[in-house]
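Asker:
See below:
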């Protein structure tokens with residue numbers, strides 16, 4: 023079963039470089055982030071081996087958050103080969119994230 027990987031400013035670029043990577047920009051004090059966290063963990067299990075599911079604490083990794091203009095959290099960005107392809111701001115339900123992933127997963131498979 024997959025688990026969301028904690029990433030940092032230091033390993034961000036190498037982590038998102040290849041394939042599909044879902045990045046949850048969050049902070050421990052953020053209530054909506056805590057609501058989304060279990061969904062992110064579920065997605066890590068559902069897409070284990072297909073999509074890297076990661077979390078980036080914006081308090082500890084401000085450079086990356088600023089680079090992608092993350093102004094509100096939670097912000098979840100789906101990257102394909104290092105490029106952002108979907109940006110989802112605010113607490114969302116699992117179907118919203120699944121739909122975004124599936125749309126780009128089909129592109130990767132073909």
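In this note's numbering, the protein residues as written are 23 to 132.
Each residue gets a CB set at the ideal place from its N, CA and C atoms; glycine is no exception.
Expressed to the nearest angstrom, what Euclidean distance is found between the alpha-carbon atoms of residue 111 and residue 47?
Answerer: Residue 111 and residue 47: Cα-Cα distance of roughly 10 angstroms.
Asker: Using a threshold of 7 angstroms, state whether the C-beta atoms of residue 98 and residue 76 are closer than that.
Answerer: Taking 7 angstroms as the Cβ cut-off, residue 98 and residue 76 do not qualify as a contacting pair.
Asker: Exposed or buried, residue 74, counting other C-beta atoms within 10 Å across all chains shown (16 or more means buried)?
Answerer: Its Cβ being crowded by 16 or more others within 10 Å, residue 74 is buried.
Asker: Taking DSSP's pairing of strands, which residues face residue 33 in a bridge?
Answerer: In DSSP, residue 33 forms no bridge with anything.
Asker: Could you give the first and the last residue of the continuous alpha helix (DSSP H) run that contains residue 89?
Answerer: Per DSSP, residue 89 belongs to the alpha helix (DSSP H) from 84-89.
Asker: Can you tell me which of the three DSSP states residue 132 falls into?
Answerer: Interpretation of residue 132 is limited by its pLDDT of 42, a score under 50 that renders its predicted location unreliable; the figure taken from the coordinates is listed afterwards. Residue state, collapsed to three classes: coil.
Asker: Could you pull the DSSP bridge partners for residue 105 from this structure?
Answerer: According to DSSP, which records beta bridges pairwise, residue 105 is partnered with 102.
Asker: Using the Cα positions of residue 90 and residue 31, report the straight-line distance between them to the nearest angstrom.
Answerer: Taking the straight line from one Cα to the other gives about 12 angstroms.
Asker: Residue range of the alpha helix (DSSP H) that residue 46 falls in?
Answerer: No alpha helix (DSSP H) holds residue 46; the beta strand (DSSP E) holding it covers 42-48.
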